[in-house]
Each structure stands twice: as C-alpha cells, then as structure tokens.
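Per the working numbering, residue 14 is the first one in the sequence shown, and the count goes up by one each step. All residues carry an ideal CB built from backbone N, CA and C; glycine is no exception. This structure is a prediction, so every number in the text was calculated from the model and none was measured. Heads up: the structure comes next, in structure tokens.
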Amino acid sequence: MENLFAAIQNGADAVYLGGKLFNARHYASNFDNEELKFAVEYAHLRNVKVYVTVNILIDDGEMNKALDYIKYLYESNVDGIIVQDLGLAYLIKNIFPDMDLHASTQMTINNQFGAIFLEKYGFKRVVLARETPLEEIKRIHESTKIELEGFIHGALCVCYSGQCLMSSIIGGRSGNRGECAQPCRLPYSIIDFNKGSTPFNDWNNKYLLSPRDLNTLEDIEKIVESGIYSLKIEGRMKRPEYVAVVVNNYRKVLDEGITALRDQDREDILQIFNRGFTKGFPLGDFGRKFASYDRPDNRGIYIGKIVKRDSRYLYIKLDYDVEKGDGIELETTRGRHIGQILNFSALKGSIVKIDRIKKVPVGSKVYRTSSINLLERAKKSYEGDKIKFPIHMEVNISIGKPAELIIRFNGESFKIQSDFLVEKGKKVALTKERVIEQLSKLNDTVYYIDSIKVNLEDCSFMPISVINSLRREGIEILDNIRKNFNKRSKITDEEYKARLDRYFRTSSIEKKNAKRISISVLRKEQFEQLDLKKLDRVYIGFDEGLKEAILEIKKENKEVYLLTDRILYGEDLFRLKERIDPIKDLIDGVSIDNLGTLQFVKDNFNLNMHGDIGLNTFNSFTVEALKDSGLSSITLSPELNMEQIKGICEKSSMYYETIGYGYLKLMITKHCPMALLKNCKDGSKCKSCPYAKGYGLKDRKGVNFYMERDKGLTTIYNSVPLMVLDSLDHIYKCGVDMIRLDFTIENEGINELQEIYYNFAKSVISKNEVESFIKDYKNINSITKGHYFRGVI
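Rendered as structure tokens:
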C-alpha cells in the first residue's frame, strides 16, 4: 500500500496495480480485494485513476473465476483493466461493455495496424512494445485515436513481451502466466556451435541477456512529442521510496521542464536503484548501452576505493559524504560484491576504515547501494497527505428553518439541510466568524475552503454540533460522488449469470479426426529435402525460389501458406504486401504471428489466415475472438498441456494445429549478445556480420542455446527439439486436426523426420517402429515433450 501512497503523493496521474489473481507480477506484494477497494477510493479522492492488471494468459478452467474477479473490479469502480489475453478481452467486451480495456505490452503491439485492430476491437489504450521506435510511435499516433502508453523508467524485458518462452520451457515458470524466473538475469558464455568451444574468454559467464534499467528523464519531451499519451513507470516490485523518487522527478520535468532538474535529482535517481541506465531502443541505445552485462542487479553509485589494507581493516578514501545507515558494496577479486551497513558518518575526502574482508584488494571500488538520507527524504514525501482541492461553501441560516449548506466543487454543486430548526438565541447568538471556523475544519480531508459565504439572520442560534454535522455530511457526500465518478450501469447477479450463459457452452463439439501433417521451412535447402507427397500443408518462410516452390506444392495438390515474421513494423508490412501480391492467386493463405499482421492482411487481401504461435492462443475464447477476426485455422500455444488442448478443441469449432516437432523459439529480441563483444553502436551492419549465425549461448549448467541474427532481431532457440512422435494418436484424439513439424535451425535429417511422422500419423508403421526410431534418435540428440504432459503452468 505504501507504493500507492508514494506514487500518488509524488504526482502520479494514475496508478496500475495487481490483485492477488491473474497478473504478470505473481511474486509482487499485490493487493487483496479489500486493499484494492481502499486503493480505488484513496486514488479517486485525489483525482488519480486506478488500472488493474489482469495481464496473463488464462486457461479455460480459470475463465469463470477471472470474470468473477472482473465483476468485482467493475463494481469497485476501477478505471480500466490491463489485459494480455484476447479471449478475456472478448468476454469483457461482451459482458462488461462499460469497462475500459487497456492492451498490455504482452500483446506485442508495435505498429499502426496492431493499434487499429485493438481500436476496432474496443480497446481504449494500448501499452506499446518497449522496443517501438519513436518514428513508429508517431505513425501509430497519426493512424489511430487509441490512447498510447509507453514505458519511460524501470526494469526492462530483453525479449519482446508476450513472446518469451525461455522461463516456461526451461523451468516450467511462464512469463505469460506471471511466473517468470528471469533467466535473462543469469550469466552466459558465447559458444561457437561449429567448433563446440567458447572462444571469447573475456565474455564467459557474463550477463549477456540482462538489460540495464530504462531511464528517459532527459528525453521525456521527445517521447511526449511522439504521441505517447500515458507515461509508464515500472515500480510494482520496488520499494516505496523508489516509487517516490522516480515519480517525483518525472513529475517535476513534465511540469517545469528539464531545466528544473538539479544535479541532486539526477544523483537521487541513480542512487535509489539502477543496473546502469539505458535510454532504450526507441531512443537508439544498443549493445553495451543497452545491456548490463557485468552484473544484473543494483549497482548503486561509486563513492570511493580501497587505498590500504592491514590485518584488521580496509581503508576507504571517500569521494562522497557517507552517513551512518548507508549500505555499501565492495568488489572482490572474483568480481563478487560484499555488502554491509555503515555504522559511522564521514565527509568527502576522508579515509575511513571498516573491518577487513577477504579477497578485497587495494584499488577495489566501493559503491553506495542505499542512502539513509535519500530514503528518509523519500519517505517524508508520502507520509501525510499534501494533496488538497478547493471547494466553495455557502450556508443559509434563518430562524425557524433548517440550516442549509451548499457545496460547490469543480463546476457542480449540491445542497443539504439540517434536521434542526434554527432558533432565536436567548442569550447567545451565532456569529459569521464562528460558522466559518467550524466549516473550515477540513484538515482530515482532501479539501480546503477556497471561498465561503455565510447568510446569517441576526440573533440566530443552533448548536455547534449541528454545524459540524452539516460539514461532515457534506464532505461525505462529496467524497462519495468523487469516489464513484465512473457512472457504469449496474449488472445484477441474474443479468451477469445470463451473460455468462451466452458464452459458456456445456455441450462439446464432435470432430472428425483428419490426422494431418503440416511442415514449416525457413530456407530453400530445407524445402528441397521434403517429400511433397507426405504432407498436407507447407508453411514457407523464404523468398529465393518462392514462386517455383509454391508451384511444386500445388502440383501435388497440397496447401501452401506464406510464413510471416513475428515482429513487423509498418514499413515491413508494406514490404510484405510486395511479397504477397505476385503470389496471392497461388497460395492458400498467410500464417499470422501478430495482431498487426492480421489487420494488415485482412485489409489488403482476400486470403485464408492461419493464426501462429505468436498470437498466444491459450483458451477457447481466444479462438472465438480470432475466428470472428477472420482466422480459419490456429496453432495452439505450446504452453498448453494435453487436457487443456482437449478442452479447447471440444469447446470451440476451429481447425486446430499443434507443434509436434521443432526447436522452439525461446526469445525474440532486438538485443544482440554478439554486439557486446563487437561493441556495435547499432544494428546497421547485421547483414554482413560474421557472427549472425553459428553462435549461441552456454548457460551456467552447460546447456547450449543456438541463436541467429536476422532482419535486426535475434532469435534464441531451445537447446533440444520438441518431439512428441510417440504421442501423435493421443494428440489427435484431443481434437487436433494437424500436427506440425517446425524446421528452423536443422540442415539435415528433415526428410527422415517427415517420413516417420507422416507414416505414423497415417498408420503406415507400428508403434514399435516409432519407439525404435526415438531410441536411436535420442542416442544423438536429447529431446523434450514440452508442456504436453505437464500440469497447468
């Protein structure tokens, strides 16, 4: 709750927070229902809006509970819901049409067509992908009326949000479910896949995927000018003092300009928490300016170095004043950092001593990781309530009549009367001064008297308690008006149940089991290894020889879909049109990996659309939403298990596909780990870079992850392929129509894998032959079954 006070008392116009359920910061100190209700009332009284995060993917079995929670939020008068799950948005739009919807950054909206899709779908605001360039933001702003929100300060994800499977696949804790284990903050080494070695010793065990913290304080004007309506500070897992310091300084710059920022303010921002700062991709930072590769945690600020050591003490020459209670860290010879709290104060230039610590040599740097002075100043900023609003009062007091109080606020007014009839004073009469004194006692409220008019008949008398009661009643009425300014239509329990019944079917859909096989290829060399007779659909992701490949596929009377990239900006989509135009009469459809691509293809072509992994189809309601948007087939999320897949297939009529083989894409990121060792300033030379392929990351357990750089993006693949060959019958029986072999980094063995999958799907070979193949395959490669046989993540 202190974080809420810190944000509001330091000038936030809105706060976003998570409840105990369904949010992407599962491990944060989230609000229970009563706390949330209090937070809304506290914020609304101070003209601050409250947005609640329900920003994870939601399983069919959880959807009723999620909607009950939304109903509570609706009735608690929250100002909007931040969602990732399109299926949940589909239901909110239909069941709670008065509720404002905000699209989470987890929806990966990074171009104007994605924003247009959401605007048409009824969203009021979109939190753009953190990587979106300023020029792209300007195009989005010019193309839509939807409100744009962007992150301006705090921790960053290295992967495009909503597209990260690393924590999920490696450890079973999904970022899409609010459980991210942050593998990006762990150390990695660069491995040469061709040689099997780690040739860059200086870069072994570095934090190659760990971003610095975002800080755009000096450039906030550029961000505002781009069209960003709402500026977002990440602070849900930080201490309240951090929230206070950061919000206060951004408020100051927004209100007074950058010249109002003092050196002390800049130091405070650094001191309160930093992993090193970056301006982020939108403002052009890249490589070493983006990644905190030497350590993934709070650095603090440099305050001095070790100048001497003896058998008992270390001696520090101070470049800053320090105070008793400050936290410091010292480097060791192993690069580790030892922390302690100072029990003394000292001035800049002093040499001070602390107890000797092993492996801290002379010359080691000393950092202050917490400042007791800053923490105390920050805490004072939100203790008490300094937010006050002017009100105007008029009171009419006439003998023989009820006393009447009129309160005017923000252009509106209301009137209340006392039960007590004003009497003629026998010994004592009221004075205007006493009436004003009593009505002005507003210290425990968020108001102050801007003007007051007292119409008092001579010799009038009424008890002071009646005046006090009028004041309290008037303020209570005003509070209630302001707490409940979202004038939504009330939904009775009966109406709510009726609306639910429209969308929750009890009958299951019977499907004919087609047992089809699809294959996706990214390179011509992969395509050339395919037996086009032994497949039902091909997804093509290459350009060289594209038309000839399509004609070969159609000659065998098979379906062919064009693969599209998961991350496309506006100009990329116009280039996509140039790719599709010459082949639009030859292909069966386009595979869609992003909502922006969906909107663009829908607007420009009359083609079938297949929904790929990037759309995060995790429940049957997302299926319905995508079907309404024009999709004819869908690849279900690889984070679903078998029971969940079966439930979706039974509930919603659609042509379903799941991944049966492939190296899953764990991360898609604009960051390039190889740019760290090359010290690249931007991505302009990626096309000619010798490190774009053939390299990967080795983690601390010795597991290798292949990565490729293409079109300004790095894709990191799982260390082993997903293989569920021996479970094809089980998957098909769940209602899946087509199982896909997703070839990405493979150069050989493609035909063999295709043949065994196709023959087993079509019952040409026995289970024993399949088990023999898998046994031989596992002698060469490890495999994973992914989430198929895990519990709900």
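Starting from residue i, follow the beta strand (DSSP E) in both directions and report where the run begins and ends.
{"i": "Gln-430", "result": "425-434"}
{"i": "Asp-492", "result": "Segment 477-496 is the alpha helix (DSSP H) holding Asp-492; no beta strand (DSSP E) there."}
{"i": "Phe-402", "result": "402-410"}
{"i": "Thr-157", "result": "No beta strand (DSSP E) holds Thr-157; DSSP gives it neither H nor E."}
{"i": "Leu-244", "result": "243-246"}
{"i": "Ala-416", "result": "415-422"}
{"i": "Gly-660", "result": "Segment 655-664 is the alpha helix (DSSP H) holding Gly-660; no beta strand (DSSP E) there."}
{"i": "Tyr-64", "result": "62-67"}
Which stretch, first to last residue, makes up the alpha helix (DSSP H) that contains residue i?
{"i": "Asn-23", "result": "Neither: Asn-23 is in no alpha helix (DSSP H) and is coded neither H nor E."}
{"i": "Gly-191", "result": "Where Gly-191 is concerned, there is no enclosing alpha helix (DSSP H), given that its DSSP letter is neither H nor E."}
{"i": "Ala-511", "result": "506-516"}
{"i": "Ser-180", "result": "179-184"}
{"i": "Tyr-55", "result": "46-58"}
{"i": "Asn-214", "result": "Careful: Asn-214 lies outside any alpha helix (DSSP H) and carries neither H nor E."}
{"i": "Leu-787", "result": "The displayed chain sequence assigns Ile, not Leu, to residue 787. From DSSP, the alpha helix (DSSP H) with Ile-787 extends over 780-791."}
{"i": "Asp-268", "result": "253-269"}
{"i": "Glu-652", "result": "Run containing Glu-652: none; DSSP gives neither H nor E here."}
{"i": "Gly-100", "result": "99-108"}
Helix, strand or coil for residue i, going by three-state DSSP, please let me know.
{"i": "Gly-748", "result": "coil"}
{"i": "Arg-349", "result": "coil"}
{"i": "Ala-391", "result": "helix"}
{"i": "Met-76", "result": "helix"}
{"i": "Tyr-328", "result": "strand"}
{"i": "Ser-604", "result": "strand"}
{"i": "Asp-471", "result": "coil"}
{"i": "Tyr-839", "result": "Nothing in the structure corresponds to residue 839, since the chain is present only between 14 and 806."}
{"i": "Ala-116", "result": "strand"}
Looking at residue j and residue i, is the spacing between their C-beta atoms short of 9 Å?
{"i": "Leu-690", "j": "Tyr-201", "result": "no"}
{"i": "Lys-251", "j": "Gly-167", "result": "yes"}
{"i": "Arg-143", "j": "Phe-130", "result": "no"}
{"i": "Thr-345", "j": "Ile-354", "result": "no"}
{"i": "Pro-196", "j": "Ile-203", "result": "no"}
{"i": "Ile-95", "j": "Met-112", "result": "no"}
{"i": "Tyr-674", "j": "Met-751", "result": "no"}
{"i": "Pro-734", "j": "Thr-648", "result": "no"}
{"i": "Asn-764", "j": "Gln-612", "result": "no"}
{"i": "Asp-339", "j": "Arg-381", "result": "yes"}
{"i": "Ser-383", "j": "Gly-313", "result": "yes"}
{"i": "Val-140", "j": "Glu-155", "result": "no"}
{"i": "Asp-92", "j": "Tyr-64", "result": "yes"}
{"i": "Ala-688", "j": "Arg-301", "result": "yes"}
{"i": "Ile-271", "j": "Val-256", "result": "no"}
{"i": "Arg-579", "j": "Lys-706", "result": "no"}
{"i": "Asp-465", "j": "Glu-407", "result": "For the sequence presented, residue 465 should be read as Ile rather than Asp. Taking 9 Å as the Cβ cut-off, Ile-465 and Glu-407 qualify as a contacting pair."}
Alpha carbon to alpha carbon, how far is residue i from residue j?
{"i": "Lys-401", "j": "Asp-463", "result": "11 Å"}
{"i": "Asp-514", "j": "Tyr-103", "result": "15 Å"}
{"i": "Glu-557", "j": "Phe-540", "result": "11 Å"}
{"i": "Asp-492", "j": "Lys-454", "result": "16 Å"}
{"i": "Lys-524", "j": "Asn-632", "result": "18 Å"}
{"i": "Asn-497", "j": "Glu-231", "result": "37 Å"}
{"i": "Glu-782", "j": "Ile-793", "result": "17 Å"}
{"i": "Arg-485", "j": "Arg-512", "result": "41 Å"}
{"i": "Lys-1", "j": "Gly-240", "result": "Residue 1 is absent from the structure shown; the chain starts at 14 and stops at 806."}
{"i": "Asn-481", "j": "Arg-495", "result": "21 Å"}
{"i": "Gly-487", "j": "Ile-69", "result": "42 Å"}
{"i": "Val-259", "j": "Ala-27", "result": "14 Å"}
{"i": "Thr-505", "j": "Ile-83", "result": "14 Å"}
Does residue i pass the burial test, meaning 16 or more other C-beta atoms within 10 Å, or should it be called exposed?
{"i": "Ala-52", "result": "buried"}
{"i": "Val-777", "result": "exposed"}
{"i": "Leu-387", "result": "buried"}
{"i": "Arg-550", "result": "buried"}
{"i": "Ser-174", "result": "buried"}
{"i": "Pro-703", "result": "exposed"}
{"i": "Asn-468", "result": "exposed"}
{"i": "Met-14", "result": "exposed"}
{"i": "Asp-471", "result": "exposed"}
{"i": "Asn-77", "result": "exposed"}
{"i": "Asp-598", "result": "exposed"}
{"i": "Leu-17", "result": "buried"}
{"i": "Pro-595", "result": "exposed"}
Could you tell me whether any non-hydrogen atom of the ligand COA is closer than 8 Å to the CB of residue i?
{"i": "Ala-102", "result": "No copy of the ligand COA appears in this structure; indeed no ligand is present at all."}
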